[in-house]
Amino acid sequence: MQLPRVIRLLPLCSLILAACTLPDTAEKGDVSATSAGWKNHVEKVNNLTRYQTRGSFAYIGENQKTFARFFWQQYSADSYKLLLTNPVGSTELELIVRDGQTQLTDNKGQKHYSDDPDNMIYQLTGMTIPMENLRQWITGLPGEAQSYAISNEYHLKALTWSQGMEKWKVSYQSYNDKISPQLPDRLDIEQGSNRIKLKMDSWTLN
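Residues in the sequence shown are numbered consecutively from 2, following our numbering.
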């Protein structure tokens with residue numbers, strides 16, 4: 002039975018911009034994927050099993066536009082929470098993934114359960130978001146990407162990931178150089194006519 006779509010379009014927020022394993026091959030970039038500096042950076046990021054980040058979220062699709070504040074909390078390697086709120090602070094969507102099970106609370110307070118967070122988000126909101134890869138991408142790791150490029154600072158610059166007929170492209174605009182390891186400040190995700198923009202205002206590393 003198809004779940005009803007419940008998310009509302011949110012007003013445009015002024016803070017919105019103008020969410021690992023290593024593949025065997027990398028795009029032609031500034032640094033090789035086999036370089037010691039990149040491997041060291043990946044190891045440090047992978048060691049971050051508990052962290053928080055918050056900022057601005059935008060989803061722009063062919064038939065919908067959604068703007069929100071987001072809060073991401075990583076509890077462990079496989080457990081996390083994604084919270085989307087409107088500009089007045091009301092919850093629009095809360096997604097909690099623990100031990101392979103997903104709980105989604107909608108903007109009416111109703112709870113939905115599944116073992117497939119991607120499908121649940123799509124059925125309820127119409128947004129296509131690859132959550133398993135997104136949780137890698139927001140920390141600057143390539144996830145399941147088939148190809149990617151690395152900067153001279155040993156940061157992920159861009160990646161491409163294909164699944165079936167879908168092709169995803171991620172580009173990184175900037176990184177936060179006030180924390181260690183350095184993590185993304187801004188990233189842009191594209192898939193067909195869909196686009197996701199994330200701006201991280203802060204990171205808290207535990």
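Beta carbons: idealized from backbone N, C-alpha and C, even for Gly.
Query                                                                                                                                                          : Result
Closer than 6 Å by C-beta to Y60: which residues in its own chain qualify, once you throw out the five before and the five after it? Chain order, please.      : T67, M128, I197
With C-beta atoms as the reference, is S152 less than 7 Å away from D31?                                                                                       : yes
Using the rule of at least 16 other Cβ atoms within 10 Å of the residue's Cβ for burial, across every protein chain shown, is G90 buried or exposed?           : exposed
So, at 8 Å on beta carbons, what are the nonlocal neighbours of W204 in its own chain, with the 5 sequence-adjacent residues on each side left out?            : Y52, Q53, T54, N177, I180, L184
When you compare only the Cα positions, how much space is there between A146 and E167?                                                                         : 12 Å
Can you tell me whether DSSP reads H156 as helix, strand or coil?                                                                                              : coil
CB-CB under 6 Å to L160, same chain, minus the five flanking residues each way: which ones, in chain order?                                                    : P143, A146, Y149, V171
Scan the segment 77-150 and note each continuous alpha helix (DSSP H) run of 4 residues or more that stays entirely inside, going in chain order.              : 118-126, 132-138
Could you pull out every residue in the same chain whose Cβ sits closer than 8 Å to the Cβ of T103, ignoring the five residues on either side in sequence?     : L96, I97, Y114, S115, D116, D117, P118, M121
Which ranges does the beta strand (DSSP E) cover as unbroken runs of at least 3 residues, wholly within the segment 47-82, from first to last along the chain? : 52-61, 66-77
By the three-class DSSP mapping on this structure, what secondary structure does N1 have?                                                                      : Limits of the chain in this structure are 2 at one end and 207 at the other, which puts residue 1 out of reach.
According to DSSP, W162 sits in a beta bridge with which residue or residues?                                                                                  : W169
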